[in-house]
Amino acid sequence: MTINLPVIQTPIPPDFIDLGVGEPAPSLLPMDLLRQAAEMCFDQNDPAFLQYGLEQGNGYFRQALAEFLSKGYGLPVDSSTMLVTNGSSMGLYLICSLFTRPGDLVFVEEPTYYLALRILADHGLQVVPIQTDRDGLVIESLEDKLKSYHPKFLYVIPTFQNPTGQNLSQERRAKLVSLSKEHDFIIIADEIYHFLNYCCLSPEPFAAYINDGHIISINSFSKILAPGLRLGWLQSNSETIRRFVTSGLLDSGGGLNPFTSAIVRYVIESGGLAANIERLKAEYGSRITEMEKSLHMHLPMAEYVSPQGGYFFWLRLPNVDTIEWQKTARSFKVGFNSGVRFSSQKGLREFIRLSFVNYSSAEIEEGIIRLKESLDEYGAGA
Ligand SMILES: Cc1ncc(COP(=O)(O)O)c(C=O)c1O
237 MTINLPVIQT PIPPDFIDLG VGEPAPSLLP MDLLRQAAEM CFDQNDPAFL QYGLEQGNGY
297 FRQALAEFLS KGYGLPVDSS TMLVTNGSSM GLYLICSLFT RPGDLVFVEE PTYYLALRIL
357 ADHGLQVVPI QTDRDGLVIE SLEDKLKSYH PKFLYVIPTF QNPTGQNLSQ ERRAKLVSLS
417 KEHDFIIIAD EIYHFLNYCC LSPEPFAAYI NDGHIISINS FSKILAPGLR LGWLQSNSET
477 IRRFVTSGLL DSGGGLNPFT SAIVRYVIES GGLAANIERL KAEYGSRITE MEKSLHMHLP
537 MAEYVSPQGG YFFWLRLPNV DTIEWQKTAR SFKVGFNSGV RFSSQKGLRE FIRLSFVNYS
597 SAEIEEGIIR LKESLDEYGA GA
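Quick note on numbering: the sequence shown equals residues 237 to 618 in the numbering used here.
Shown next, in the form of structure tokens:
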């Protein structure tokens, strides 16, 4: 008898369409690419990657990644500015551990990535929201809050934001860097969606500013390769990198994820990473179009700005309490994330986040039809 034991974080019943889930499509996880890279790595017959790793992370991997980023960002990236992590979540966690104390105050965008809020809460940090609009974080709102508070850091998702999908404008990026210097707070830029641009170029990354003030750019392979790798990186100035490298965690356990990074080195060097990103962009780009078409046809009351990259649509449904509606939606076998989850103030009840990456075009349309039918039912009972 075969027993099915749990393996993944978010199992979805086969007849349920969960448009809330922000995970890559399982069919696009690159099994062959990683199998070949693992073979190349083991074929070297050098067991060094099974040893405690260098605190900063495998030098060959960082070199390969630096070359990839130099091309992708269009600016020279030096591997010495980089620390290998277990992903963006771990990067944020490590920063909180080393640069804050419980009770410290930090700024976040409103709305922001809801699980980042959980990490901040785990560290006992007080969170102050900064307003956003179509161009990302509103600088006037930031300046206003800086009159009353001195934050340890600002956590921002500047490119294809989660959940709004919007980009922080170039002008605001420059202003933000100058404010962080003037008011002495760290900018943590979570750039995890930077390489998932579908129709136009991504804005300049915050990684470009790491020697201009106190900036930490965090990034990950979760969205461009596979989340199960638990592999990512951060970039910052040499003093900040030194602080990470000399931490007790890295001193005791060595660098993070030497095994996986040694394998992913070959994915990058073979051109496999670049090819995989192109494949994802082609697929996700067509799914975005499908979601937009379905929304237009079946949920015309939804207000949104079309995303040009990333994973998500952020919809406003005027006068709909999305927490209440969610219960009805579940009975129609469709899921979404209510805006409340992304609000540090428990607001944004009229908003929902939908992901377009996890389902085929036909399933996306079916999901939107179910949303419409469940909304009709909920509205009739309200
Ligand atoms: C903005 C943002 N940061 C971090 C993460 C998690 O990243 P990782 O898998 O690298 O920990 C996600 C995943 O949805 C995300 O959207």
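By construction, the Cβ of each residue, glycine as well, lies at the ideal position given by its N, Cα and C atoms. Note that this is a predicted model, so its numbers are computed, not measured.
Contacts around residue i, its chain only, beta-carbon distance under 8 Å, and the 5 residues preceding and following it disregarded
| i | result |
| --- | --- |
| Q544 | F396, G401, N403, N433, Y434, C435, C436 |
| L334 | R479, F480, S483 |
| E602 | I253 |
| H386 | L341, H419, D420, F421 |
Local conformation of residue i per DSSP, three classes
| i | result |
| --- | --- |
| D557 | coil |
| M318 | strand |
| Y391 | strand |
| I253 | strand |
| I524 | helix |
| F572 | coil |
| R552 | strand |
| E539 | strand |
| G546 | coil |
| N512 | helix |
| G181 | Only positions 237 to 618 of the chain appear in the structure, and residue 181 is not among them; the question remains open. |
| G401 | coil |
| G289 | coil |
| G615 | helix |
Boundaries of the beta strand (DSSP E) in which residue i is found, first to last residue
| i | result |
| --- | --- |
| S456 | 451 to 456 |
| T368 | 362 to 369 |
| D426 | 422 to 426 |
| E346 | 341 to 346 |
| R589 | 587 to 591 |
| L470 | 468 to 471 |
Alpha-carbon to alpha-carbon, residue j and residue i
| i | j | result |
| --- | --- | --- |
| S438 | T238 | 47 Å |
| K388 | S580 | 17 Å |
| E192 | I331 | A question about residue 192 goes unanswered here, because the residues of the chain that appear run from 237 up to 618. |
| A598 | I513 | 23 Å |
| G484 | P312 | 31 Å |
| A357 | T336 | 12 Å |
| D282 | V320 | 20 Å |
| T246 | E418 | 43 Å |
| I451 | P394 | 13 Å |
| S405 | P250 | 40 Å |
| L255 | R523 | 12 Å |
| V363 | Y391 | 10 Å |
| M276 | S488 | 29 Å |
| R577 | L553 | 16 Å |
| S570 | Y350 | Reading off the sequence shown, one finds Val at residue 570, where the question assumed Ser. Rounded to whole angstroms, V570 to Y350 spans 20 Å at the Cα level. |
| F278 | R589 | 42 Å |
Unbroken alpha helix (DSSP H) run spanning residue i, endpoints
| i | result |
| --- | --- |
| Q272 | 267 to 279 |
| I499 | 494 to 505 |
| S580 | It is not in any alpha helix (DSSP H) - S580 carries neither H nor E in the DSSP assignment. |
| G323 | G323 -> no alpha helix (DSSP H), and no H or E assigned at all. |
| K411 | 406 to 419 |
| F636 | Only positions 237 to 618 of the chain appear in the structure, and residue 636 is not among them; the question remains open. |
| K307 | 295 to 309 |
| Y350 | 350 to 358 |
| T476 | 474 to 481 |
| D487 | 484 to 489 |
| S596 | Counting along the chain, S596 falls outside any alpha helix (DSSP H), and DSSP gives it neither H nor E. |
| S377 | 375 to 384 |
beta-carbon residue i near ligand 1 non-hydrogen atom, thresh 7 Å
| i | result |
| --- | --- |
| P463 | yes |
| G521 | no |
| I393 | yes |
| M326 | yes |
| D254 | no |
| D426 | yes |
| S456 | yes |
| G490 | no |
| N398 | yes |
| Y350 | no |
| G468 | yes |
| G218 | Any answer about residue 218 is impossible in this case: the structure gives the chain only from 237 up to 618. |
| G603 | no |
| G323 | yes |
| G258 | yes |
7 Å Cβ shell around residue i - same chain, five flanking residues per side excluded
| i | result |
| --- | --- |
| Q367 | E346, V374, S377 |
| G360 | P338, G339 |
| L535 | I604, L607, K608 |
| E526 | S597, I600, E601 |
| E519 | L264 |
Neighbourhood of residue i by C-beta, 6 Å cutoff - its chain only, sequence neighbours within 5 removed
| i | result |
| --- | --- |
| R501 | Y296, F297, A300 |
| I355 | L328, Y329 |
| I454 | S324, G327, D426, L470 |
Chain C contact for residue i (CB, 8 Å cutoff)
| i | result |
| --- | --- |
| G293 | Among the chains in the structure shown there is no chain C, since it carries only a single protein chain. |
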